[in-house]
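Visitor: These protein sequence lines are chains A and B, in that order. Here the first sequence is numbered in our numbering, starting from 4 and rising by one per residue. Here the second sequence is numbered in our numbering, starting from 344 and rising by one per residue. Even glycine gets a Cβ: it sits at the ideal position worked out from N, Cα and C. None of the values given here were measured: they were computed from a predicted structure. Got a structure for you, written out below as structure tokens; questions coming shortly.
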Amino acid sequence: MKIVVLVKYVPDATADRQFESDHTVDRAGVPGLLSELDEYAVEQALQLKEKAEGEDVEVVALTVGPEAAAEAVKKALQMGADSGVHVTDEAIAGSDYLATSQVLAAAVRKVGESGAVDLVLCGMASTDASGSVVPAMLAERLDLPQVTLGSVIERQGDQVRIKRDGDTSTEVIGATLPIVLSVTDQSGEARYPSFKGIMAAKKKPVETWSLADLGVDAGEVGLDAAWSKVEAAEARPPRTQGEIVTDEDGSGATALVDFLASKKFI
Amino acid sequence: MSFEISEDHEQFRRVVRDFAEKTIAPHAAQWDRDHHFPVDVVHQMGDLGLFGLTAPEELGGADGDFTSLCVAIEEIGRVDQSMGITLEAAVGLGINPIQTFGTPEQQQTWLPDLVAGRTLAGFGLTEPGAGSDAGATRTRAELRDGEWVVNGAKQFITNSGSEITSVVTVTARTGERPDGRPELSAIMLPSGTPGFTAEKAYDKLGWHASDTHPLSFSDARVPEDHLLGERGRGYAQFLATLDDGRVAIAALAVGCLQACLDMSVQYAGERTTFGVPIGRKQGLAFQVADLEVMLAASRQLTYRAAWMRDAMAGRAGGGSTPSMQDFKQAAAVAKLYATEAAVTGTRIATQVFGGYGFMEEYPVTRFYRDAKVLEIGEGTSEVQRMLIARGLGLPVE
Ligand SMILES: Cc1cc2nc3c(=O)[nH]c(=O)nc-3n(C[C@H](O)[C@H](O)[C@H](O)COP(=O)(O)OP(=O)(O)OC[C@H]3O[C@@H](n4cnc5c(N)ncnc54)[C@H](O)[C@@H]3O)c2cc1C
Chain A
4 MKIVVLVKYV
14 PDATADRQFE
24 SDHTVDRAGV
34 PGLLSELDEY
44 AVEQALQLKE
54 KAEGEDVEVV
64 ALTVGPEAAA
74 EAVKKALQMG
84 ADSGVHVTDE
94 AIAGSDYLAT
104 SQVLAAAVRK
114 VGESGAVDLV
124 LCGMASTDAS
134 GSVVPAMLAE
144 RLDLPQVTLG
154 SVIERQGDQV
164 RIKRDGDTST
174 EVIGATLPIV
184 LSVTDQSGEA
194 RYPSFKGIMA
204 AKKKPVETWS
214 LADLGVDAGE
224 VGLDAAWSKV
234 EAAEARPPRT
244 QGEIVTDEDG
254 SGATALVDFL
264 ASKKFI
Chain B
344 MSFEISEDHE
354 QFRRVVRDFA
364 EKTIAPHAAQ
374 WDRDHHFPVD
384 VVHQMGDLGL
394 FGLTAPEELG
404 GADGDFTSLC
414 VAIEEIGRVD
424 QSMGITLEAA
434 VGLGINPIQT
444 FGTPEQQQTW
454 LPDLVAGRTL
464 AGFGLTEPGA
474 GSDAGATRTR
484 AELRDGEWVV
494 NGAKQFITNS
504 GSEITSVVTV
514 TARTGERPDG
524 RPELSAIMLP
534 SGTPGFTAEK
544 AYDKLGWHAS
554 DTHPLSFSDA
564 RVPEDHLLGE
574 RGRGYAQFLA
584 TLDDGRVAIA
594 ALAVGCLQAC
604 LDMSVQYAGE
614 RTTFGVPIGR
624 KQGLAFQVAD
634 LEVMLAASRQ
644 LTYRAAWMRD
654 AMAGRAGGGS
664 TPSMQDFKQA
674 AAVAKLYATE
684 AAVTGTRIAT
694 QVFGGYGFME
704 EYPVTRFYRD
714 AKVLEIGEGT
724 SEVQRMLIAR
734 GLGLPVE
């Protein structure tokens, strides 16, 4: 069985994040890391591998991103993934969701050339763009069924049962592999890499592919090909002091209700 | 001779730091107040592989180097000295003697669980009448009908009475040498052996969340094969593992100093008096500068000694292989300097905090209480000075 986990390299959410002059996120000036939400996907992949007694399961960590994004793959390998793929190409910079999913789909197909991919695992969103749409787009491009927001995964052969946590209900979905599956942050704490894992990761194979290797036309991706364009981006204004209602004559409650109504909270 | 901390070690440091900040730091003050030994966290540290860093892979270890263990002890100790010593003693006193001197059967029996952090082991050398002078050991073990019968007492033994302690190795007199001096051997006493009691835990100045007990033995019987290593070599064997322990304690001191520096720099920038942050005042800022110097020097000495240990085992690059003598000296130098710096450093840090430095509200107070024992355990400062002077060829008694 072969599992591809998508791992995105994102700017550290605890650092000061900046935009470039073309309004894309400044990825060079900010320390980056493997998106925390993707760590859950890596964890689920590793658990599936560990539970598959006697069966050979290969976990491939796949990232699309600049040179530094190799760090995301490395982290996944340190956690226990078997091999890595890093798709990097100048032309990819500034790609929107559609282009990103196109590159990812081509990369998953290429991974599949050396043995069919049974499962593509992703996080529920990235911690930077928070779009949550890539798994669905990828499934469409790969012509695979998609299950999103999984919190519990059980597999028997090519059958999987997935507990899906929606806003209003919890569903249990049965599916036949291969599928694209995204998992939530409720699926189970991601493990830390061990020292052994860190040392072992250095010896694990990582392939670096360009758009040409994938047969993707550079003109179809990148900032210029994006369907949407960011015209302006400004830092959020600093918080101002809130309104203080002093209740001296019993009109406090009315003032509060008026305030909430004016902001359309009620 | 040259050394530097490798990128692998730095990455591992970030992992342990992340773990320590998420799993240990938020609870350290509470455990300290309650004198609570958090067994679940020991298991989590085990899951992270910390107890098996230097153990062989066949026994579940990472077959890593000694430097990686020092990094882990430093980072755990940076947020909680109690858990730092728990790790240090578990590996240095619990696992190491069994790994180094145990028979394959003894290793198979005890190490897999110890290495995984499922259980803990202790090493009991110190007695009411024998600490620095460990040769004055009075605990006896007699071989009767294929069993060792142990009588006596030990004191101040770390990890010896927790609910997950599986075994304590103790030094005991097993006879007399031809020259009239006692023959000392090491005997393994599994927890729960009738006649072996871990008495009530101590009330200590610091390390409140670490497990320390007096032990008593009254006709405690174990099979003959519970002898660890060679008969008559108990003390010598223990000494052989002590050099590593000194460096590991130095790493714990480095963690303490790093915590002191981080807390002091932050507070010196926040707290204002006379209309400006206290860090603007030279009288205060220069003390923090001294702290940085002590930290940097301690760190260098500690990791240099760790590097020497790894280089001797053929696991480190960068220069010629140090001799055992060089390493012993470096270990004593690192232990002495780093632990005394930690005591001075915590004094400076509490001073930076003014009255709050005396209140349990801030962790700096806990570090102040925890630091003192660093100058005592695994060889007092006086003993280190004695060793260093002897290393210089001086005829010290
Ligand atoms: C919290 C804690 C945990 C411990 N854990 C363990 C453990 O797990 N296992 C274990 O076996 N022990 C353990 N110890 C014991 C520790 O190693 C001893 O306390 C230490 O070695 C000192 O021995 P002592 O207490 O008998 O002091 P003493 O030897 O009585 O020393 C008293 C003072 O005299 C000084 N002194 C002694 N001899 C000389 C000399 N020749 N020249 C100059 N000065 C000298 C000492 O430096 C010290 O200042 C622990 C101690 C503590 C406090």
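(1) Please report whether the beta-carbon of S197(A) lies at a distance below 8 Å from any beta-carbon of chain B.
(2) Between which residues of its own chain and L122(A) is the CB-CB distance below 7 Å, once the five residues before and five after are set aside?
(3) Helix, strand or coil: how does DSSP classify E70(A) here?
(4) Any heavy atom of ligand 1 closer than 7 Å to the Cβ of K547(B)?
(5) Can you confirm whether the stretch 42-53 of chain A touches the stretch 86-98 of chain A when touching is taken to mean that 3 or more C-beta pairs between the two stretches lie within less than 8 Å?
(6) Buried or exposed: which applies to L582(B), given that a residue is buried once 16 or more other Cβ atoms fall within 10 Å of its Cβ?
(7) Does the beta carbon of M82(A) come closer than 8 Å to any beta carbon on chain B?
(8) Can you grab the Cα-Cα spacing for the pair S411(B) / E490(B), in whole Å?
(9) Please classify D456(B): is it buried, with 16 or more other beta-carbons within 10 angstroms of its beta-carbon, or exposed?
(10) Counting only beta-carbon atoms, is G392(B) nearer than 8 Å to chain A?
(11) Any heavy atom of ligand 1 closer than 7 Å to the beta-carbon of V510(B)?
(12) Where does V676(B) fall in DSSP's three states?
(13) Closer than 7 Å to a non-hydrogen atom of ligand 1 - does that hold for the CB of F466(B)?
(14) What is the residue span of the alpha helix (DSSP H) that I428(B) lies within?
(15) In the structure shown, what three-state DSSP assignment does M202(A) receive?
(16) For E703(B), is the classification buried or exposed, using 16 other Cβ atoms within 10 angstroms of its Cβ as the cut-off for buried?
(17) Compute the distance between the beta-carbons of K105(A) and V224(A), then report whether it is under 8 Å.
(18) Measuring only between beta-carbons, confirm whether V358(B) sits less than 8 Å from chain A.
(19) Rounded to whole angstroms, what's the CA-CA distance from W550(B) to R421(B)? Just pull it up for me.
(20) Between V726(B) and ligand 1, is the CB less than 7 Å from at least one heavy atom?
(21) Counting beta carbon pairs with one atom in the stretch 346-357 of chain B and one in the stretch 516-536 of chain B, are three or more of them shorter than 8 Å?
(22) Looking only at its chain, what residues have a beta carbon closer than 8 Å to the beta carbon of L430(B), apart from the 5 residues adjacent to it on each side?
(23) Could you run through the stretch 383-417 of chain B and flag, in chain order, every residue whose CB is less than 7 Å away from some CB of chain A?
(24) Going along chain E, which residues have a C-beta under 8 Å from M202(A)?
(25) Nearest by alpha-carbon distance to V248(A): which of P241(A), W212(A) and T257(A) is it?
(26) Just reading off the alpha helix (DSSP H) that Q625(B) is part of, what are its end residues?
(27) Hey, how far is the Cα of T66(A) from the Cα of V76(A)?
(28) Can you look up Q451(B) in the DSSP assignment and give me helix, strand or coil?
(29) Three or more C-beta pairs closer than 8 Å, one from the stretch 459-466 of chain B and one from the stretch 480-488 of chain B: is that the case here?
(30) From P148(A) to P14(A), what distance separates their C-alpha atoms?
(31) Going straight from the alpha carbon of D188(A) to that of D146(A), what length do you get?
(32) Does the Cβ-Cβ distance between V510(B) and G467(B) come in under 8 Å?
(33) How would you label I621(B), buried or exposed, when you count the other beta carbons within 10 angstroms and need 16 or more for buried?
(34) Is G722(B) a contact residue of ligand 1, with contact defined as CB to any heavy atom under 7 Å?
(35) Indicate the three-state DSSP secondary structure (helix, strand or coil) for R356(B) in the structure shown.
(36) 8 Å is my cut-off, CB to CB: does D361(B) come that close to chain A?
Guide: Let me spell this out:
(1) It does; some Cβ of chain B falls within 8 Å.
(2) The answer, listed in chain order, is I6, L180, P181, I182 and L184.
(3) E70(A) falls in the helix class under three-state DSSP.
(4) In this structure, K547(B) has its CB closer than 7 Å to one or more heavy atoms of ligand 1.
(5) Of all C-beta pairs linking the stretch 86-98 of chain A to the stretch 42-53 of chain A, fewer than three are shorter than 8 Å, placing the two stretches out of contact.
(6) Residue burial annotation: L582(B) is exposed, with fewer than 16 other C-beta atoms found within 10 angstroms of its C-beta.
(7) Output row for M82(A): interface = no.
(8) Whole-angstrom Cα-Cα distance: 39 Å.
(9) Classification for D456(B): buried.
(10) The beta-carbon of G392(B) is placed less than 8 Å from the nearest beta-carbon of chain A.
(11) Because no heavy atom of ligand 1 lies under 7 Å away, the Cβ of V510(B) does not count as near it: no.
(12) Under the three-state reduction of DSSP output, V676(B) falls in the helix class.
(13) Yes.
(14) Per DSSP, I428(B) is one residue of the alpha helix (DSSP H) stretching across Q424 to A432.
(15) The three-state reading of DSSP puts M202(A) in helix, counting H, G and I together.
(16) Classification for E703(B): exposed.
(17) A quick correction: the sequence has Gln, not Lys, at residue 105(A). The answer is yes: Cβ separation under 8 Å.
(18) Flagged as an interface residue toward chain A: V358(B), by a C-beta distance shorter than 8 Å.
(19) Straight-line Cα distance between these residues: approximately 13 Å.
(20) Answer for V726(B): yes, Cβ within range of ligand 1.
(21) The answer is no - the stretch 346-357 of chain B does not touch the stretch 516-536 of chain B, with fewer than three Cβ pairs under 8 Å.
(22) The answer, listed in chain order, is M388, L393, F394, A415, I416 and I419.
(23) Across the stretch 383-417 of chain B, CB contacts with chain A closer than 7 Å involve L391, G392, L396, A405, G407 and S411, in sequence order along the chain.
(24) This model lacks chain E altogether, as its protein chains are A and B.
(25) Sorting P241(A), W212(A) and T257(A) by C-alpha distance to the C-alpha of V248(A) places T257(A) at the top.
(26) Taken as a continuous stretch (DSSP letters only), the alpha helix (DSSP H) holding Q625(B) covers Q625 to M655.
(27) So the two alpha carbons sit approximately 7 Å from each other.
(28) Three-state result, Q451(B): helix.
(29) Result no; under three Cβ-Cβ pairs closer than 8 Å.
(30) Straight across, the Cα-Cα distance linking P148(A) with P14(A) is about 31 Å.
(31) When only Cα atoms are considered, D188(A) and D146(A) end up about 26 Å apart.
(32) Not in contact: V510(B) and G467(B) (Cβ atoms no closer than 8 Å).
(33) By the 16-neighbour rule on beta-carbons within 10 angstroms, I621(B) is buried.
(34) In this structure, ligand 1 has a non-hydrogen atom nearer than 7 Å to the beta-carbon of G722(B).
(35) The answer is helix: DSSP assigns R356(B) an H, G or I state.
(36) So, interface residue.
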